[in-house]
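Encoded as structure tokens, the structure appears first; notes follow it.
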Amino acid sequence: MKQTHTFRADSLIAGYDQTPILHNIDVTIPSNEISIIIGANGCGKSTLLKTMARLIKPTAGEVTIGGTPIQKIPPKKLARVLGLLPQTPIVPEGITVTDLVGRGRFPHQSFMKGWSQKDYEAVSEAMDIMNITEFADRHIDELSGGQRQRVWIAMALAQQTDILFLDEPTTYLDITYQVEILDLLTDLNRKYGTTIVMVLHDINLSARYADHIFALREGKLIAEGHPSKIITSPLIEDIFGLKCSVMKDPISGSPFVVPIGRHHNKVRKHS
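Residue numbers for the sequence shown, in numbering that gives the first Met the number 0: 0 to 270.
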């Protein structure tokens with residue numbers, strides 16, 4: 000079981016070029032659970048993730064881990080606690096799967112020293128968890144989108160952090176790979192207790208896989224809690240401007256959102 004950390008943001012204001020995107024957000028990440036951030040495009044989901052990962056410096060408020068401001072934690076020490084998979088990671092040219100996964104070991108390595116036995120074991124375990132061992136010697140640009148995403152996640156796993164942030168890990172993947180990636184992340188959480196926080200666009204997958212949901216609208220946190228408690232028709236209309244019906248997912252029992260379009264708001268009669 001991974002170590003428990005109190006990871007929180009208090010009165011957070013952050014944005015780009017002096018333009019605030021987040022407005023006085025207070026968030027406490029549940030330890031050893033899967034949390035998913037939802038909201039419309041431009042509402043601040045990725046900005047919140049990046050600010051909590053120290054990629055963006057807040058203009059007000061602070062982010063703390065175990066009561067220590069994140070800005071005061073040395074980079075390597077932070078990287079041993081928090082791993083981040085950005086939305087569009089850049090693939091180094093000509094690199095193999097093993098080489099890329101091995102880059103996750105950087106926070107644990109000493110200057111001018113080669114891989115230790117622990118490094119080899121961590122990389123091997125991460126590749127095994129993500130089912131990519133067969134691709135070990137292949138170049139990244141030879142893989143499909145779903146396979147590449149598994150390699151990136153394996154790199155984050157090799158980092159062996161207690162907390163893992165993922166910004167839209169299923170974007171551009173077909174539904175088969177989306178479910179596969181989310182199943183693998185759930186396995187990671189259930190087996191090792193890794194605290195996972197991710198941004199997802201798909202509301203129904205979010206409701207199915209999340210233990211805790213943070214719902215944003217225009218840079219403000221307007222609801223949070225277990226999907227069964229907060230995924231309702233009024234909330235979806237509030238944050239997305241979409242009329243819908245929320246029913247019970249027959250497979251998982253989680254809330255299932257059925258959108259109501261202008262052409263589908265009545266039962267059609269067929270002759």
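Positions of the beta carbon are idealized from the N, C-alpha and C atoms, including for glycine.
- The three-state reading of DSSP puts residue 246 in strand, counting E and B together.
- The Cβ atoms of residue 237 and residue 261 lie no closer than 9 Å to each other.
- Counting along the chain, no alpha helix (DSSP H) covers residue 137, and no H or E run does either.
- Annotation: the continuous beta strand (DSSP E) that includes residue 223 extends over 219–224.
- Shortest Cα-Cα distance from residue 22 to any of 42, 35, 7, 161 involves 42.
- Taking 9 Å as the cut-off, the Cβ atoms of residue 245 and residue 204 do not count as close.
- Using a 10 angstroms sphere on the CB of residue 226, the tally of other CB atoms reaches 16 or more, which defines it as buried.
- Sequence-distant partners of residue 124 (beyond 5 residues in either direction) whose C-beta falls short of 6 Å from its own C-beta are missing from its chain.
- For residue 187, same chain residues with a beta-carbon under 6 Å away, outside a window of 5 residues either side, are 193 in chain order.
- The criterion of a C-beta distance shorter than 9 Å is satisfied by residue 37 and residue 198.
- Looking only at 252, 222, 107, the smallest Cα-Cα distance to residue 27 is reached by 222.
- In the same chain as residue 90, and ignoring 5 residues on each side of it, the C-beta atoms closer than 8 Å to its own belong to 99, 139, 140, 147, in chain order.
- Residues 114, 118, 121, 122, 157, 158 of the same chain have their beta carbon placed closer than 8 Å to that of residue 104, with the five preceding and five following residues left out of the count.
- Distance between residue 218 and residue 8, taken at the CA atoms: about 14 Å.
- Annotation: the region 27–108 contains the following complete segments of the alpha helix (DSSP H) (minimum length 4 residues), in chain order: 44–51, 74–78, 96–101.
- Straight-line spacing of the CA atoms in residue 220 and residue 70 works out to 23 Å.
- Per the C-alpha coordinates, the member of 209, 229, 112, 235 positioned closest to residue 32 is 209.
- Residue environment for residue 10: exposed (fewer than 16 other C-beta atoms within 10 angstroms of its C-beta).
- Collapsing the DSSP output to three states places residue 173 in coil.
- Excluding residues up to 5 positions away in sequence, 105, 106, 158, 160 lie with their Cβ nearer than 8 Å to the Cβ of residue 78 in the same chain.
- Separation of the CB atoms of residue 84 and residue 165 is rounded to 5 Å, and the pair is thereby assigned contact status at 8 Å.
- Under the three-state reduction of DSSP, residue 209 is assigned to coil, being neither helix nor strand.
- The shortest C-alpha to C-alpha distance from residue 143 to any of 172, 87, 224, 60 is the one to 172.
- If the five residues before and after residue 80 are omitted, its C-beta is found closer than 7 Å to the C-beta atoms of 4, 64, 160, 161, 162, all from its own chain and listed in chain order.
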